[in-house]
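Using this note's numbering, the first residue of the sequence shown is number 24, and each one after it goes up by one.
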Amino acid sequence: MRKTLLGMSKNQTMARVVKRLGPFLGTRRFVPGERIEDAIYRIKELNAQGIMATVDHLGEFVTSHAEAEAATEQALLTLKALHASGTESYLSVKLTQLGLDLDERFCEQNMRRILDEARKLGRFVRIDIEDYARNEKTLSLFERLIQDYGHETIGLALQSYLYKTEGDLKRLSVFRPNIRFVKGAYQESKDVAFPDKKDVDQNYIRLVEQHLLSGHYAAIATHDLAIIETLKRFIDQHGIPRTQFEFQMLYGIRSQSLLELARQGYRARVYIPYGEDWYGYYMRRLAERPENVMFIVKSWFKR
Ligand code: FDA
Numbered sequence: 024m025r026k027t028l029l030g031m032s033k034n035q036t037m038a039r040v041v042k043r044l045g046p047f048l049g050t051r052r053f054v055p056g057e058r059i060e061d062a063i064y065r066i067k068e069l070n071a072q073g074i075m076a077t078v079d080h081l082g083e084f085v086t087s088h089a090e091a092e093a094a095t096e097q098a099l100l101t102l103k104a105l106h107a108s109g110t111e112s113y114l115s116v117k118l119t120q121l122g123l124d125l126d127e128r129f130c131e132q133n134m135r136r137i138l139d140e141a142r143k144l145g146r147f148v149r150i151d152i153e154d155y156a157r158n159e160k161t162l163s164l165f166e167r168l169i170q171d172y173g174h175e176t177i178g179l180a181l182q183s184y185l186y187k188t189e190g191d192l193k194r195l196s197v198f199r200p201n202i203r204f205v206k207g208a209y210q211e212s213k214d215v216a217f218p219d220k221k222d223v224d225q226n227y228i229r230l231v232e233q234h235l236l237s238g239h240y241a242a243i244a245t246h247d248l249a250i251i252e253t254l255k256r257f258i259d260q261h262g263i264p265r266t267q268f269e270f271q272m273l274y275g276i277r278s279q280s281l282l283e284l285a286r287q288g289y290r291a292r293v294y295i296p297y298g299e300d301w302y303g304y305y306m307r308r309l310a311e312r313p314e315n316v317m318f319i320v321k322s323w324f325k326r
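Here it is as structure tokens:
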């Protein structure tokens, strides 16, 4: 089921058909709305409960320069709107949305426009990490950008399911990067990624521990409560300050657990996607937990 859903997540014809069915698919569980106002409304509620946000204007794998330019404009508008709202929030972006597959230099120019604005406003921007085929390009671009903008303005996400991530973390260490650690959401071959979940989980813990011991900032992005407890113990044992890390979860998943972490005095942030292009994101959320498909089917019968 996971493989089928992830395969479907990249199918454009399927995307067109399924997008028409949005209201019937329970998309609101994972995506609060299509407008930035919908996201900001939710952020204000979350901020009032001690939870910060990172906002993603949905979209990925664009196929024309015009689409990438429109996505860049939208990212700039999102940044400005977040700033104007005065909320505790920053921006997350995907490089394929800014044209990475079309032309790397063009994508870099788009990203630099976003980072110039972010620096001006004093906001942070994180690059989401996409599939393995784009991994190396993303890392090289990140290396160039962090040299110019610094770790206060730009951060990256890294995936514990990839064998290469441990080496990448060492390679990036010189920049004292702010890294979001995730397990990884794409369908990858066992030539490049651990096929066994146990290894992905162990690598996750190892990577975060190494990063924290190096004194760099970590966004611990997982809904895995066992991993969270393990890392909390590690953090206590090593006297890691609470200002050096935060917990992150996706909008609509394990919200109570994130709230509990915030109540315990940990920094906590929710990843909020908004926009019309929700298909790929939504399908990856279903793939992570195929029970979600049953949940949606059952909700149809309750209508
Ligand atoms: P795991 O999959 O083991 O799940 C642990 C438990 O959480 C499950 O047993 C279930 O109870 C619950 N859960 C997890 N997913 C669920 C779902 N979809 N619906 C309902 N319950 C669910 N990936 C990527 O490749 N690049 C990226 O940039 C990002 N960015 C990102 C940001 C943030 C803030 C988060 C939390 C995650 C990402 N991800 C990501 C996604 C990540 O790679 C991974 O696919 C999911 O977080 C699921 O993995 P967990 O770590 O939660 O563990």
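From the three backbone atoms N, C-alpha and C, an ideal C-beta is built for every residue, glycine too.
Predicted model only: the values in this text are computed from it and were never measured.
With distance defined between alpha-carbon atoms, name the residue in the options nearest to residue i.
| i | options | result |
| --- | --- | --- |
| Pro-55 | Ile-295, Glu-314, Gly-303 | Ile-295 |
| Ile-250 | Asp-124, Ser-280, Leu-102 | Ser-280 |
| Gly-298 | Leu-282, Thr-161, Ser-163, Gly-82 | Gly-82 |
| Glu-175 | Gln-182, Phe-147, Lys-67, Ala-244 | Phe-147 |
| Glu-92 | Met-317, Phe-198, Met-134, His-246 | Met-134 |
| Leu-273 | Ile-59, Ala-94, Val-78 | Val-78 |
| Thr-86 | Tyr-64, Arg-136, Lys-33, Arg-52 | Lys-33 |
| Leu-168 | Ala-216, Pro-200, Gln-182, Arg-58 | Pro-200 |
| Ala-156 | Leu-121, Tyr-209, Leu-254 | Tyr-209 |
| Gly-73 | Thr-253, Leu-282, Gln-260 | Leu-282 |
| Val-231 | Arg-277, Phe-257, Asp-139, Arg-65 | Phe-257 |
| Thr-266 | Ile-276, Gly-145, Ile-243 | Ile-243 |
| Thr-110 | Ala-141, Ala-71, Val-116 | Ala-71 |
| Tyr-64 | Val-41, Met-24, Leu-105, His-80 | Leu-105 |
| Gln-120 | Asp-300, Gly-145, Asp-61 | Asp-300 |
| His-80 | Asp-61, Phe-53, Leu-69, Val-116 | Val-116 |
| Arg-290 | Glu-57, Leu-69, Ile-59, Met-24 | Leu-69 |
| Leu-181 | Ser-163, Asn-158, Glu-166, Leu-164 | Asn-158 |
| Glu-127 | Glu-311, Ile-276, Ser-163, Ile-66 | Ser-163 |
| Asp-191 | Gln-233, Ile-177, Met-75, Arg-58 | Gln-233 |
| Arg-331 | Ile-263, Leu-195, Glu-189, Glu-140 | The displayed coordinates of the chain run from 24 to 326. Any statement about residue 331 would go beyond what the structure contains. |
| Asn-226 | Leu-144, Asp-154, Tyr-184, Gly-275 | Tyr-184 |
| Thr-245 | Gly-275, His-261, Pro-264, Ile-263 | Gly-275 |
| Thr-101 | Arg-58, Phe-129, Leu-125 | Arg-58 |
| Leu-125 | Gly-178, Lys-160, Ala-38 | Lys-160 |
| Lys-103 | Lys-143, Ala-310, Met-75, Gly-173 | Lys-143 |
Mark residue i as exposed unless 16 or more other C-beta atoms lie within 10 angstroms of its C-beta, in which case mark it buried.
| i | result |
| --- | --- |
| Ser-112 | buried |
| Asp-214 | exposed |
| Thr-36 | exposed |
| Thr-50 | buried |
| Lys-221 | exposed |
| Ala-89 | exposed |
| Ala-107 | exposed |
| Gln-271 | buried |
| Gln-170 | exposed |
| Ala-216 | buried |
| Asp-224 | buried |
| Val-197 | exposed |
| Lys-193 | exposed |
| Glu-252 | exposed |
| Asp-219 | exposed |
| His-239 | buried |
| Asp-8 | Outside the shown range of the chain, which is 24 to 326, sits residue 8, and nothing can be said about it. |
| Tyr-304 | buried |
| Leu-236 | exposed |
| Tyr-186 | exposed |
| Lys-385 | Shown here, the chain extends from 24 to 326; a query on residue 385 therefore has no answer. |
| Glu-96 | exposed |
| Thr-27 | exposed |
| Leu-248 | exposed |
| Gly-122 | buried |
| Glu-60 | exposed |
| Gly-178 | buried |
| Ala-292 | Checking the displayed sequence, the identity of residue 292 turns out to be Arg instead of Ala. So Arg-292 ends up on the buried side. |
| Glu-314 | exposed |
| Arg-25 | exposed |
To which residues does DSSP link residue i through a beta bridge?
| i | result |
| --- | --- |
| Gln-182 | Val-205 |
| Pro-218 | DSSP lists no partner for Pro-218. |
| Pro-296 | Asp-79 |
| Ile-258 | Answer is none; Ile-258 lacks a bridge partner. |
| Phe-165 | Paired residue(s): none; Phe-165 is not in a bridge. |
| Gln-271 | Ala-244, Arg-292 |
| Val-148 | Leu-114, Ile-177 |
Runs of beta strand (DSSP E) wholly within the stretch 51-116 (minimum 3 residues, chain order): 75-80, 112-116
Note down, one range per segment and in chain order, each alpha helix (DSSP H) of at least 4 residues found wholly within the stretch 116-143. none
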